[in-house]
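Visitor:
Numbering (the UniProt record's numbering), first residue to last: 1 to 297.
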């Protein structure tokens with residue numbers, strides 16, 4: 001038999017980040033929460049919670065949390081049909097959906113889809129950000145229930161929906177181009193012109209360089225983990241970088257930014273992958289993601 005009070009305690013700790021806040025949400029004492037988790041971990045023989053600030057789930061704990069998401073969705077459906085089952089003395093539990101996306105989608109179109117869904121849904125959302133080449137790993141490890149990813153192959157146990165392509169341009173200010181590429185964008189010039197890189201997982205600049213020169217080249221780079229700051233840094237002349245069309249269209253039209261090499265965009269196909277167990281119940285979520293993506297990408 002599954003000990004649902006203990007499972008709910010684990011999920012709430014992960015959601016709130018601490019035993020104390022979870023106790024408040026569940027209307028029990030911190031001691032009771034701690035005891036439930038301890039007994040469950042001893043029974044399973046695995047650690048479910050990494051104690052810290054904040055508390056986080058282990059890989060096994062993440063799978064347990066996804067199970068509780070599905071249970072919460074089932075309970076919401078049941079209570080909608082049989083409201084008499086609701087205990088008025090129990091605190092209302094709203095399901096928080098764990099979703100992963102890449103930063104550029106979040107900064108260009110994804111918030112619109114999430115807002116449309118949230119306005120007509122009782123679900124809460126917890127959006128995690130990672131590189132589009134790595135968000136599928138969050139699904140594979142059970143950390144999220146759905147993700148925007150560049151992975152075309154369906155993740156095991158998930159449904160996949162094509163969204164379109166996120167187009168990037170290698171951009172910089174006219175002054176930056178004149179200063180660093182006076183004789184054109186050559187391999188020697190690229191090796192000396194500072195680039196902008198989102199983080200260690202960001203391969204967009206490297207992919208563009210490889211496409212242009214047919215091989216990998218080393219180049220100096222600034223590290224800047226923010227899509228909006230990425231554009232601002234490009235506009236300030238700090239470096240060159242791969243920026244989404246949606247964030248640079250006006251700047252390219254006005255001449256504040258130019259392409260390093262005209263008409264050399266880099267397209268990244270995106271897909272929406274969602275856990276099969278939740279896909280039907282979250283059909284409205286998928287519909288919003290696909291609709292907004294088709295319009296904005």
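The beta-carbon is built from N, C-alpha and C at its ideal position, and this holds for glycine as well.
Measuring CB to CB, does residue 61 end up less than 7 angstroms from residue 48?
Guide: It is a contact, given that the beta carbons lie within the stated cut-off.
Visitor: Would you check if the distance between the CB atom of residue 299 and the CB atom of residue 155 is smaller than 7 angstroms?
Guide: Outside the displayed range of the chain (1 to 297) lies residue 299, so it cannot be described from this structure.
Visitor: Below 8 angstroms on the Cβ atoms is my guess for residue 19 versus residue 65; work out the distance and round it to an integer in Å.
Guide: At roughly 15 angstroms, the Cβ-Cβ gap does not stay under 8 angstroms, so residue 19 and residue 65 are not in contact.
Visitor: Please return the same chain residues whose Cβ sits closer than 6 angstroms to the Cβ of residue 289, not counting the five positions on each side in sequence.
Guide: For residue 289, where only same-chain residues beyond five positions count, the Cβ hits under 6 angstroms are 113, 272.
Visitor: DSSP beta-bridge partners for residue 222?
Guide: According to DSSP, residue 222 bridges with 196.
Visitor: Just to confirm my understanding: we take residue 221, look at its own chain, exclude 5 residues before and 5 after, and list those with CB closer than 8 angstroms. What are they?
Guide: 194, 195, 196, 197, 205, 239.
Visitor: Return yes when the Cβ of residue 147 is within less than 7 angstroms of the Cβ of residue 135, no when it is not.
Guide: Yes, Cβ-Cβ distance for residue 135 and residue 147 is below 7 angstroms.
Visitor: Select from 218, 22, 285, 26 the residue whose C-alpha is nearest the C-alpha of residue 161.
Guide: Of the listed residues, the one whose Cα sits closest to residue 161 is 285.
Visitor: Quick check on DSSP: helix, strand or coil for residue 244?
Guide: Note: residue 244 maps to strand in three-state DSSP.
Visitor: Could you check what DSSP says for residue 116 in three-state terms: helix, strand or coil?
Guide: Note: residue 116 maps to helix in three-state DSSP.
Visitor: Could you pull out every residue in the same chain whose Cβ sits closer than 6 angstroms to the Cβ of residue 105, ignoring the five residues on either side in sequence?
Guide: For residue 105, where only same-chain residues beyond five positions count, the Cβ hits under 6 angstroms are 148.
Visitor: Check whether the region 255-275 touches the region 78-96, counting contact only when three or more Cβ pairs, one atom from each stretch, lie closer than 8 angstroms.
Guide: No: the two stretches stay apart, fewer than three of their Cβ pairs being nearer than 8 angstroms.
Visitor: Within 8 angstroms, do at least three Cβ pairs link the region 201-220 to the region 181-190?
Guide: Short answer: they touch.
Visitor: Taking DSSP's pairing of strands, which residues face residue 169 in a bridge?
Guide: For residue 169, which the question treats as bridged, DSSP gives the partners 243.
Visitor: Thinking residue 109 and residue 293 are a contact (beta carbons under 8 angstroms), I'd like their distance in whole angstroms, please.
Guide: So it is a contact: roughly 6 angstroms between Cβ atoms.
Visitor: Which one or two residues does DSSP pair with residue 50 in a beta bridge?
Guide: Partner(s): 56.
Visitor: Within 10 angstroms of the Cβ of residue 230, are there 16 or more other Cβ atoms? Answer buried if so, exposed if not.
Guide: Buried: at least 16 other Cβ atoms inside 10 Å.
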